[in-house]
Every structure is written in structure tokens, then in C-alpha cells.
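Take a look at the structure below.
Number of protein chains: 4
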Amino acid sequence: MNNFSDKSLSLQARLQRFMEQYIYPNEQLHAHQLASAENRFGVLPIVKELKAKARAAGLWNLFIPEKHAGYSDVGGLSNYDYAPLVEIMGRVTWASEVFNCNAPDTGNMEVLMKYGNEDQKRRWLTPLLEGEIRSSYAMTEPQVASSDATNIELSIKTEQDHLVLNGRKWFITGAMYELTKLFIVMGKSAPDHPDIHQQQTQVLVPKDTPGVRIVRPLSTLGYDDAPIGHAELLFEDVRVPLENILLGEGRGFEIAQGRLGPGRIHHCMRLIGLAQRALEQSCQRATQRTTFGIQFSHNQSVREDIAKSFAEIQMMRQLVLQCSARMDEVGPQAARDLIAACKISVPLMTQTILDRCMQLHGAGGLTADYFMAEAFNYARWCRQADGPDQVHQMALGKQVIKAYSQAGEQ
Amino acid sequence: MNNFSDKSLSLQARLQRFMEQYIYPNEQLHAHQLASAENRFGVLPIVKELKAKARAAGLWNLFIPEKHAGYSDVGGLSNYDYAPLVEIMGRVTWASEVFNCNAPDTGNMEVLMKYGNEDQKRRWLTPLLEGEIRSSYAMTEPQVASSDATNIELSIKTEQDHLVLNGRKWFITGAMYELTKLFIVMGKSAPDHPDIHQQQTQVLVPKDTPGVRIVRPLSTLGYDDAPIGHAELLFEDVRVPLENILLGEGRGFEIAQGRLGPGRIHHCMRLIGLAQRALEQSCQRATQRTTFGIQFSHNQSVREDIAKSFAEIQMMRQLVLQCSARMDEVGPQAARDLIAACKISVPLMTQTILDRCMQLHGAGGLTADYFMAEAFNYARWCRQADGPDQVHQMALGKQVIKAYSQAGEQ
Amino acid sequence: MNNFSDKSLSLQARLQRFMEQYIYPNEQLHAHQLASAENRFGVLPIVKELKAKARAAGLWNLFIPEKHAGYSDVGGLSNYDYAPLVEIMGRVTWASEVFNCNAPDTGNMEVLMKYGNEDQKRRWLTPLLEGEIRSSYAMTEPQVASSDATNIELSIKTEQDHLVLNGRKWFITGAMYELTKLFIVMGKSAPDHPDIHQQQTQVLVPKDTPGVRIVRPLSTLGYDDAPIGHAELLFEDVRVPLENILLGEGRGFEIAQGRLGPGRIHHCMRLIGLAQRALEQSCQRATQRTTFGIQFSHNQSVREDIAKSFAEIQMMRQLVLQCSARMDEVGPQAARDLIAACKISVPLMTQTILDRCMQLHGAGGLTADYFMAEAFNYARWCRQADGPDQVHQMALGKQVIKAYSQAGEQ
Amino acid sequence: MNNFSDKSLSLQARLQRFMEQYIYPNEQLHAHQLASAENRFGVLPIVKELKAKARAAGLWNLFIPEKHAGYSDVGGLSNYDYAPLVEIMGRVTWASEVFNCNAPDTGNMEVLMKYGNEDQKRRWLTPLLEGEIRSSYAMTEPQVASSDATNIELSIKTEQDHLVLNGRKWFITGAMYELTKLFIVMGKSAPDHPDIHQQQTQVLVPKDTPGVRIVRPLSTLGYDDAPIGHAELLFEDVRVPLENILLGEGRGFEIAQGRLGPGRIHHCMRLIGLAQRALEQSCQRATQRTTFGIQFSHNQSVREDIAKSFAEIQMMRQLVLQCSARMDEVGPQAARDLIAACKISVPLMTQTILDRCMQLHGAGGLTADYFMAEAFNYARWCRQADGPDQVHQMALGKQVIKAYSQAGEQ
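If you read the protein sequences in the order shown, they are chains A, B, C and D. For the first sequence, the positions run 1 to 410 when the numbering used here is used. For the second sequence, the positions run 411 to 820 when the numbering used here is used. For the third sequence, the positions run 821 to 1230 when the numbering used here is used. For the fourth sequence, the positions run 1231 to 1640 when the numbering used here is used.
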């Protein structure tokens, strides 16, 4: 049933080999460099080194979609062909950046490809594609339910040829990272516009603009996710020229809509990679550990946990592939039911699988000796990222009810 | 991603139309005929009538696999192409028989195609393909855990040119049905054979053979599943000629292995059909019912239930399709991990979805006014049919542990 | 912590002995008499016989609360002292009637004790206490969400010295039972009354009143619960004299409120009795069954299921006892948070425990060879009886939010 | 039903007042002092200050059981009377130490009361009771499944009048804490003893003994639990005099058995305190947050989550109280079924409740802005602490099966 293109299959094989040669063997070194870094949000030498290797190996910017193939060395990939690559990279939480395929930069680059003008592309897209700089997408605000984008309150006012920004953002991924130079900021430019979907504007704000303040790093379940991290930001009278507007004044909501679909699916594929890896390691442990005279692998409840996890991973993977294929066929907007289905299913199921696998590893399973605890945090966080699951269930439920209640009865 | 053949797509459309024209409109009549039948296990007039219609419409024996295409009017279908047809038929619990596609007859017909000799085919396969008779597969025994086929105890002894069978069977689907004329009986013919997989033989036993006794119908959760039903049987000195042996003495286990894969997947597809239908009816009800001043369709917990059910159905369907495609590619034996994944996931998830949908229908949801309670019973029963889920989890867990613990560590 | 009175402890012991001597040994006979009864809703000889025995043994009308002690031979019991007795009786689905302690009669008798006048008591309460007749409580209507009692639509009109009732009811437990002679009917007598809680009246309607029609028995999950059963009823110009009004015109809602608390707790205790018995039988089976060379009792996943079920039963029992004690202290109204907590927890947890225990019994666990499938149906039905769980979660959630959001923050 | 002594009720009230006056108002200060501490495992000034206040308030050493009442200013409390106090203190993760009631010191002090000789008590018990020093219990080893205490491998050899210890321990709570001066170490002194329960000895090892090495702090889910923390320890030729043996050579297993019951229950009560607090804060948030035009408190799925959490907390609390009362009546050994029931239920249910409550708080719910993420980590860790849940399910399942399979059948 799965019919990936030859290009995808070849990239899968090469990526897998790269992971085995360069990523897995360097996981401890990465952890060590981070633990002993002076600046937890600085660039880690091993990442810098591996980025060069990945680029040399032609495993670079794999995320670029077919319609923007011109930006890509490998010619662009469909969502369906890219999906297994994301899973492979996703098996190590920090690996995606090595291939210039990490969130939120891939989404930001796509925004610039789609909506940026030539100047904006030259200044920001080119160095992003080169992996020289990183970027953040500043949407969520602490004081409002930001899953409803019309709630956004950061104020954008025009003063002559400048915009002036005032407001607070949080959970801004990557903001503290040393390489990050650009914030794409969503704010409210026309709070009184009769169409609530034309009140917003998105603006390119260089990180070093006066008035931009990084208030603090945020942690989730005890993780600061350094060096990428999530920040709380304050914008106080931040002034940028008018030409920093993306696409056009009042078109912020439109950009936000256009950005989201594939990104959610990428999170899902990474989580599936982590779940798959946790399953594999649990199988290995099951043959290495004996309690009360019986090897774990012969224990019925261990086998049941392994079997359930295997089946759930198959289901998640097929769902995400189906959704990817559908996005390729009809676009993210028409595929939003399947995107929502992925969003509400994969993080939660992955969290459960990781919980089981940690338990199979004993108390050690909760420590940093394994990747699972950090992956668990990522899965848990994804149930809030891009809006809490409940909001997507609300939208999906509404859509499904509408679809089937209008069809005839059977 | 899904790429059904044109033949499958065309059959899907025609089948759907037939369901709309002839099956759904006759559900009440079917219930009425059954409730007022003198013999609960007799042939219902409406089923007889619809069988003729289905055959005339070319919607007959759709289950026949490609390699036995000669037996089929439509030329045989792959597992993958057949799967969506099973789902469509499965939306009404009694509909499969109308198309000569019901369990256990499809499995029995395949056994005869694969292992029967010409005489056996002429006598039994032909009328089965015509839908003139039905058959049962007599495997499970009350006193032993029959999911381990080597436990089977029914005794088969050779006396000159006859076999003599003694033993007890139960959960023999279809045994009491008026149309049923043939039992395929698994028994132990060589209890002392050193290879425990060569101790069993399968024998064709006409239902009216002296010594065959139907002890009683069995119910599950209050349902007797009439007119098909599940029976307890007693074999007391039942004598059949040697030529009734299927394939060969001592090859019963081999036949049992060859029979199972697709059958499990068919149960899964039918369950998905029922889950899908329950979801659709719940959506309709959600727009028709108001409590405490709010329409169900606006209630957040209703929307969450609908959204979860939608996502779960997508996942189940993709898993079963993946498994079907894999069976087509490598055969059921090599696809047994995915078959097990379906078996342990779909009945349980369907049970949960139906439980939710019944709850959405209020107390009435539990009654015979809707199809859901009966479907719930079918899903619950499938967690025991062909062996309890736990046995399949054991086997799958063992297989997955072996596969991944031998691969290198990552 | 548990400190039952000596009276309760003594009754527990005697009741247990009665169950062992007379109830368990007659379960098969009961099933046989029901299966072969000409009228599924007739009185079973064994029940009649055992009622006499129970009464002679002083195990009769145990449900009578302390404040109505005068009606009781044993002097009345607190909710707390009665709770363990309900659990013991509840271990066999039909046993409560033997002790004149079955729903809905206990609730109806309490209604008559509290709200009936002397004439009404003489005519109906006395024979109910004697066990000579049975009664039904006719509240739920098919066309409205009856968990909101103000929705009730059955029309009650006054014509001179008579009331005229018109409307439809369903899920009226006991209505078809041969012994049932009385319906307590809730209807709308003043649909335009400005206070929506004074629009309802409750009326005593003899079952044989002209115009009362039993439309059909209802089944849930395939069970008709005969001989008690649940009926759909039609009231067509049913005329009863004014003196059949209970308590007073417009006070129907008040009676409904006063009736419900203890009844819900009784259902819960019976369910706990069934869950406990299923656990015990599963333990016995675990030592009697061997698969794949290992006795069930040594299988880790069997032990986990047993351990979880044991813990859940402890928790349910303690919750219900806590709730009973609280009802004794402050009355059902002030204990409604705990009553709701029982209602939303016990049926669902019991359903899950029974599902596990059935699974441990193989396919046979689903049949009538064991009590579990019928008990499962009872648990499932209780998630709708007295209103769907979701309605109680709504009310409880609202109450808890109010309580804690008004307290200071910590 | 609950009948706490007047002493307990009075202490509950005073403790609650102390929490309100001194603990809640200092949570931010505590976090700040920890974040800015030079040594994450040093004593925090605020804790030192509050300890003095608590002692002055007579809220000190509340854990001391009745039979050791002589050590207590308040005269000793039963498990039942102490339980609600643990819940109150447990609402803030670091508060128990303020009252000298934190794990593992309470368990260690009890060990010394029960098994220590006068010299050992003078040297270690007295300063522990004064809160001047802290202690660790060194049992778990990384290389073996330590939930089976007979697996312990740390070697204890006698050389003349000294013991020599060699081995590795991990998850040793409190080991790095500045105040900690004593390790109670379990090791294997007679590996060839025919009785595997007499091979172990427990030894008092001053933390500053040469050869004791703190290898590293361990984190769980990203938390290092500073300043208490969990350490990996290495013992290399650690020499202590023979008089440091606790109770006697070969009696280590006996001590381990005697230590565990109440400790597990204390963890459970603390978790219930955290669950209760999370529920309360969620109720407050529900009235303060509005999305898509509807206040959270009116959202049906929010109400369902609140209602379920309320019911689960009631059930957990009653179970733990029942277990406490039972320990008081028959001792921990005879109450081990209920202790296991608490151990396998409370941490998992608390984890689920906290997960729900965090979700209700949006992305912020995962951060350190609330106490819930840290509490979640504590709950998750408790599913491994004192042995993984599965081990306790195994033991409990075995015990329950034995009990009920030997009873007669019903």
C-alpha cells in the first residue's frame, strides 16, 4: 500500500546510515557538551560539526515541498515522501537541526518562501536555508487562549514609516538560542476592523531590535529544552520599518492559517520515531533483564505491553501517512480533518507508549540515562503546542457532526 | 495513498447502492421475521429474497481471492481490494450472507478450494458457492484452551474404511442454522505422534450423520445470534468414510494454520463498518437532541467523543488496509505480525466506540431499537473468537521482542 | 475504620448463610424455571418459595430506614448499616426480591411511607411490605431527555373529581411483572405554572386501569431482565380519582428529589457484590486452567488483572460506605456530591472489572453458563439508569467548581 | 464513618493554619532560593527558618507511632490519625521536612527506634529527631532488580572488628543533601547462607567515611529534586566498626520488611494532597478563563474532568484511610494486601488527575509557574519507588488468588 518514490526511498536509506554513523554515536557527547556549556543556549560544537557533514552528504533542507523545489538541492519532496524522513530524524530529539529540518525554522522558511518579498527572502530566507541563522515564530501570549488566533493582543501601531510593537509572548521556541536572529511576530494592527480575521499583521523583527526583551526561559516537566528552549518575551516600544510587514497589513491571520498543517504532522512523525525507538530498546531490555527467576521477554504482561505498543505505532504511522498523502492531493485546508485526527491522537498515544517503555526500564527509565523521559516531555508538550488537543477535538467534532448529519440516514 | 483497483472501486459503488436500496430498508422486516419465526434458526424469507437479488446484481462471492479466480464471476480480488467491500457489507450484521460472503462459510469455501479433492469440491464446494447450503467449522472445545490448537481432544479413530469421532465442541457458528449441512471437524487422530503438529486431522462430517448431536445454542451477552448462532455439539461414535478426510491424515494443524489470516481481517473490517455507522448515527442524533438547553452537537464532550471516534476509525481502517496489502505481498504467514496487530486492536477499539455511541443515544441506545447493542456484542465476542486477545498479544510480543532484540542497538 | 452496628453485623452473617444455603444452590433452578416459563414475566415458583423462607428467617424488609422503623420487624437500619447487606444480596441478580429488598419497590415503599396518606398506605404500602404485590415508578419518557425531570411531558388534566392521564413512558422497570399492580406516575399537571418545579404531579395508577397499555418489553444488550423487565407504556385517557394524587398537586418534583439518593447507592452496592463475586470466581478459575504450559494463576497479566480488580473493588466499597455514612449524617441532599461520585464511578468500574473477569473465563465467560454477562448488562444499564453519567458529571462538576473557586486560593 | 481522635482533629486544624500562614506564602521564596543557590543540595534558609517555627508551634515529629510515643512531644499517633496530617503537609512537595516528617528520614528514624541499640540511638536518632541531621536509606542497586531484596549485591565482609563494604547503589534519596550525615546501607554479608533471607545485613555508615563516593545526582523527568535529590553512590573498601551493624548480622531482610508499610502509605497521602490541591486550583482557573466565548466552568468536558477527579480523590483517600486503620489493627504484615492496593492505585491515579489538571491550565500548566508538573514527576516516580507497580501487582494478585481459590465456590 505504501508507495514512496525512489527519491524518498533512497533518502530514507542514506538518512538511516547517517544516523547510525554520526548521530547515535554522538548522543552522549551532545549531552556532555550541553551539561558543561557555559551558555545553555549556545551552539554546541557537535551540532555545528554534524551540520557540515549532513550538508556534505546531501541530507539538507529535505523539508522543502515540491512547489518550492527551486530552493532545494534534492528537488523538493511531497508531504508523503518526506514523512518517513521526519520519523528517522525524529528518533533523536536534537537531530532534525543537523539536517536543517527542525521546528520552528522549517515552518518559518516556508512562510518566507510563500509570503516573503525578494528583499525579505534575501535577508532572512537565504541564511536560514544555509543554516547560518535560526528563527522563532512569536504567536502565543500568556494572558489569552492563543489557540484562538483572533485573541492575540500584542499591539502593532503605525507611526509614519515605522511599526511600533508592544506586548508579551511566551512559549516562543528558539528565542534564546544563540543562532536565532529573527522573530516572526503576530500582533493586532487593526483591533477595530469589522472582519476579525483582518485585524492581525505579521512582522519580521530582528532579535536585536531595541525593546525586545527575553524575560526568562520556560520549562516543561522540568526540561528547558536547551539550547533551543522556549522563552517568555516582552516587546516594549519595539520599532521596525514598514517594509518588515509580511505579505501585507491585516493579512496575519491568513499567514497563520497557511503555516500550520504540515508542521503538526512533522511533530507527529518525530513522536512516532521516538515511540518506535523506545519500543526497540524495550525489546532489547526484555531479553537482558531477569526478575523473580523469569526473563522479562517471557513475562506475559511485558509481551502484552510490547504487542500493544507495536500495534499503536503501526496505526499512528498509517494515519499520518494517510494524512500526508491527503495534504498532497487536496491541500492542508481540505485535509484539516485528518490533520486534527493526527494532532489529537499521536501525542497522547506516544505519551502512553513512552510511559510503558519507561516503566519497563525500571527507575532508570525515568532518568537522563535514556532518551525516553525527555521524549515523554516532548509528547506531553505537543498536547498543548499549536493549541490544546481539546480545541482540535472541538473543531474536528463539529466538522464530522456537520458532515454526517447532513448526509442521509442509514 | 489508497489505490484500489478500478474493479474494487466499481464494486464498492455498486455494493453501496445495493445496501441503500435493499438492505437498510429491510432491517426492520428482518428483525420482525426473526422475532416471529417459529424456528429461530430457520431461513428468513427476506434473506432468501435478497440473496437472489444480490446474485442477479453480480454482487456474489466477492470474497474469492485472485488465485482461485476461476470460482468467481467477478474474477477474484486481492485482500486489499476486497477489504472496503467487507466494511460496506459489515455495516449490517446480517448482510454479508446476502452476498454469500459471511463467516464461517467464506473460510470454509477457501479451505475446500485449497485442500479439497475433486469429489469433495463437487459435493460441498459447489452448493456452498451457490449459496444453497451453509457450513460450520468445528474446532473449539469447552474443556481445553482451544486457542492452542494442539490441545484439541476430540478423538478420531480409524476402523477399517471408516473414521469414528467422539468428543465435544462448542461455539460452533452456524451449526443450528437450517441451511447448514456440513461440519468441518478438527480432531486428534494420532495423540502419540512425536510431532505435536501432526496429531490432528480435519474431517468432513455431514450434519445429519448419526451420532452428531446439537446440545444447545449458546448466547453471548444475551444474544443467540440467530439464525446463524453458536452451538454446543456432541459427537458420539460418529462414523464417516475415510474419503471424508481433508488433505490427509495428520494434516489438520496445517489446514488450521492456512485458514486463519484473512478471516480475522474480515471480522475487523465488518467491525469497522459498524463503528463507522455508529459514528454517523451519533452525528445525526447530536443535531436532533437537546438537553439542559443545549443541542448535543454544541456540547464539548459530545464533540470530543465524536472526534476521538473519528480518529480511531481512521487508524483502524488504515491498519487493516496495510495488513491486507501485506498479505497480498508476502502471504498471511509473513504478515502475521500485522494480522495480530489488527486482531488485538480493532475489536477492543470498536467496543469502546460503540460504548460511547450507545451512551450518546441515551437508554434507548442499549435497546434493539438501534443496531449498536448487537454490534457491541459482536465486537466483544471477537475478542475471544479465534483465540482470546491475550494469546495473540503473547505471540506478537514474542515476535516483536525477537525481531528488535536481535537487531543492533540504537 | 468500618464500625457497623451489632445488628448489621449479625444480619450480615445470617444473610450470608441464607445465600449459601438457599440462593446459590438454586441459581440453576431459577434459570431453568425462567427458560421454560410460559409467561416470561410470571412469578417463578422458586422465588415464591424462597420469599417465604427469607421472611421466616427474619431477613425481610431490611431496607427500611431508621426513621420508618415502625414498619420493620428488625427495627430499621441506617444507610451505613444496610449497605453491606445490599452487597451480599446483590451477588445474585435476582436475590434482592427474595428479601423484599429489590428496586424499584424499595424506593416506591419509601415514597409511600414518606408521602402517602393513610388510605394510600393501607391500600398499597401494606401489600408491598408483605411482598404480595410489586410496583413500578413511571418517570422516563422516550421523546425527552428525562434526566432533566422538568422535561416530563405526560399530561395530567383534572376533570371534575378525576385526573386524566395521556402520554408515553419507557424503561418502566417491573411493569410487565405478574405481581405488579401499582404504577406511580409522574406527569405534568400545570405546564404553565411559572415555577417549573411545581408543574409536576405524581399519581397512583392501578395497573389494570382502562387506558393503560403495555406496548412492549425493552431489552438492553440482548437481555429482557425477565420476569421483572423494562416496559414501554402508553397512557390513553387513563382516569383515576383525585384522591390518587400523592402528597399534593404540583409536588411531583419534590417527591422525585426525595426518592433518589439511597436508590442510586443500592444499585452501586449490588454492583460491588457482583464485581466481588466475579473476582472470586476468576481466582478459582485461575487455579484450574492451564494454557501453553502455565497455570493462569502464575501468569503475570492474570495477576495484574486480579490485583487491579481487587484494589478497585476496595475503593468502590469504601466510597459507597463513606457516602452512606454521610447520608445518615446530613441527608441525601447535602450528600449529593458523594452520591454523584458513586453514580459516575461504580457502574463504569464494575463494567470494566466484569469485562476483565469474562475475558479470564474464555469464550464461555460471555455465555449464560456464568452470571457475569448478565451482570455486565446490569452495570452497563446503570450508566443510563437514573440519568446518564454525563448528567451527573455535569452537576457534580458544577458543584465542585463552585465550592473550590469560592474558597481562597492556595 | 471517619472518626479521627480529637488529637488528630486538633493537629489537622493547626497544621492547616500553619500551611496557610507560613508555607503557601513562601513557595515563591523557596523556589527563588533554590534557583539562586550556589549549592543546589545545600540547606535553604527559608526551610531552616520554618523548621524552627514549626517546632515552636508543636508541629514536629508528628509521624511517631503510638508505640514509640516516648520520642514524641505530642504523644504518638496511630496510622489512621496521622494520615490526614500527611495529606495536609503533602500539598507542598517540600513542606514535610519543615515538620521533620519527610521521607526517607521518618522511616529511618523508625528503624532506629525499633532496631537500634542505645549507642546507635544516641549518636543518630537524637539529632534526627531534632532535625539537625538527615539520613539516607541505601538499598536499590542499578545492576539488579532491587524490588526483590534478595538480589542486593553490595558486598559486606568482616575483617577483624570491621566491616568492609564494596558495591554500587542508586536512587539514594537525600544522599547529596548538605544535612545528610548517615547512610543505612543494605548489603550481602553471607551470600552462601542456605536461607536467602538471612544473607543480608544493614549497616550504619557515616556519609563522610572514606571510600564513600557520590557519583552523580540522578534526575527523573528532568527534575533533580534538589536539595534532597537522588544519588548514585559508590562504596569502595568502605570500613566501619562492627558495632555499626543494625540489629544483628544476617537480619537485614527482616529490617527491610519491617520498614516498608507505613512509608508507602505516606507517599500515597502526600500524592492525594497534591491531587486535591490541583483539583482546587483547576476549579479556580475554570472560573477565570474563557475560550471561544464560553467560560471553562460551563464547558461540559471541563466539568466531566473535575467530577471524575473529585470522585477518584475520594476513592483514593478512603482506600488509604482503610489501609491505615487496618495497619493499626493487625500490623503492616497482615495489611499487606491493602498496602499493595494503595501502592498500585494511588500514584497512577494521581498521575492521571495531574495530567488532566495541567491540561486545564494550558501550556503554562507544564511550567514551573505551577506546582503540578513537579507533582506529576513525584507521582510518576512513585510508580517505581519501593519497587515497580508490576511487582506489587504480582504479589497482590498471587495473594488474592490464593485466598479466594481456597474459599468455597459460590
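Glycine included, every Cβ here is placed at the ideal spot set by N, Cα and C. The model shown is predicted, which means the values in this text are computed figures rather than measured ones.
Rounded to the nearest angstrom, how far is the Cβ of W470(B) from that of D483(B), given a contact under 8 Å? 6 Å
To which residues does DSSP link Q1022(C) through a beta bridge? M1006(C)
Near-chain D residues of the region 699–722 of chain B - C-beta to any C-beta below 7 Å: N709, Q710, S711 and E714
Examine chain D for any beta-carbon lying closer than 9 Å to the beta-carbon of S1162(C), and answer yes or no. Rather than Ser, the amino acid found at residue 1162(C) in this sequence is Cys. Yes, C1162(C) counts as interfacial toward chain D.
Which residues, in chain order, does the region 1233–1252 of chain D contribute to contact with chain C at a C-beta distance below 9 Å? N1233, M1249 and E1250
Once DSSP output is grouped into helix, strand and coil, what is the label at P191(A)? coil
Output needed in chain order: residues of the region 201–221 of chain A with a Cβ under 9 Å from some Cβ in chain D. L218, S219, T220 and L221
Mind listing, in chain order, the continuous beta strand (DSSP E) runs of no fewer than 3 residues lying wholly within the region 917–944 of chain C? none
For chain B, is any of its Cβ atoms less than 9 Å away from the one on G1185(C)? yes
Which residue from M1006(C), F991(C) and S966(C) puts its Cα closest to that of L985(C)? M1006(C)
Going along chain D, which residues have a C-beta under 8 Å from V1235(C)? The structure shown does not extend to residue 1235(C), since chain C spans only 821 to 1230, so no value can be given for it.
Tell me which residues share the same chain as H230(A) and place their Cβ nearer than 6 Å to its Cβ, disregarding the 5 neighbours each side in the sequence. F171, T173 and L218
For the region 147–167 of chain A against the region 264–278 of chain A, are there 3 or more C-beta pairs whose distance is under 8 Å? no
Around the Cβ of S830(C), are there at least 16 other Cβ atoms within 10 angstroms (buried) or fewer (exposed)? exposed
From this set, D779(B), R661(B), M759(B) and G775(B), which residue's C-alpha is nearest S599(B)'s C-alpha? R661(B)
Three-state secondary structure (DSSP) of S135(A): strand
Reduced DSSP category for G273(A) - H, G, I as helix; E, B as strand; rest coil: helix
Just verifying my parser: in three-state terms, what is the DSSP assignment at T503(B)? coil
Determine the direct distance from the alpha carbon of K67(A) to that of L128(A), and round the result to whole angstroms. 18 Å
Taking the straight line between their C-alpha atoms, what separation do you get for F1116(C) and E27(A)? 43 Å
Please classify V330(A): is it buried, with 16 or more other beta-carbons within 10 angstroms of its beta-carbon, or exposed? exposed
S975(C) lies in the beta strand (DSSP E); which residues open and close that run? S975 to E979
In whole angstroms, give me the CA-to-CA distance for H771(B) and T700(B). 12 Å
I'd like to know whether the C-beta of A1223(C) is nearer than 9 Å to at least one C-beta of chain D. yes
Give a yes or no on contact between the region 1538–1553 of chain D and the region 1129–1145 of chain C, applying the rule of three or more CB pairs nearer than 8 Å. yes
Which chain A residues are close to M596(B), counting only those with a beta carbon under 9 Å from its beta carbon? Ordered by position in chain A, no residue passes the 9 Å Cβ test against M596(B), which lies about 26 Å from the chain.
CB contact flag (L592(B), W534(B), <9 Å): yes
Quick one: is R1556(D) near chain C, going by C-beta distance under 9 Å? yes
Alpha carbons only, please: which of G397(A), L29(A) and A375(A) is nearest the one belonging to G1452(D)? A375(A)
If I follow the unbroken alpha helix (DSSP H) through H1212(C), where does it start and stop? D1209 to Q1226
State buried or exposed for L870(C), treating a residue as buried only when at least 16 other CB atoms are found within 10 Å of its CB. buried
Using only alpha-carbon positions, find the residue among T550(B), K458(B), A493(B) and A548(B) that is nearest to N510(B). K458(B)
From the DSSP output, read off the bridge partner residues of Y1453(D). T1450(D)
Excluding five sequence neighbours on each side, which residues of the same chain lie with their C-beta closer than 6 Å to the C-beta of R544(B)? D515, G584, Y587, L589 and T590
Applying a beta-carbon distance threshold of less than 9 Å, which residues of chain B neighbour W1201(C)? A773 and L776
Who does V1470(D) pair with in a DSSP beta bridge? L1393(D)
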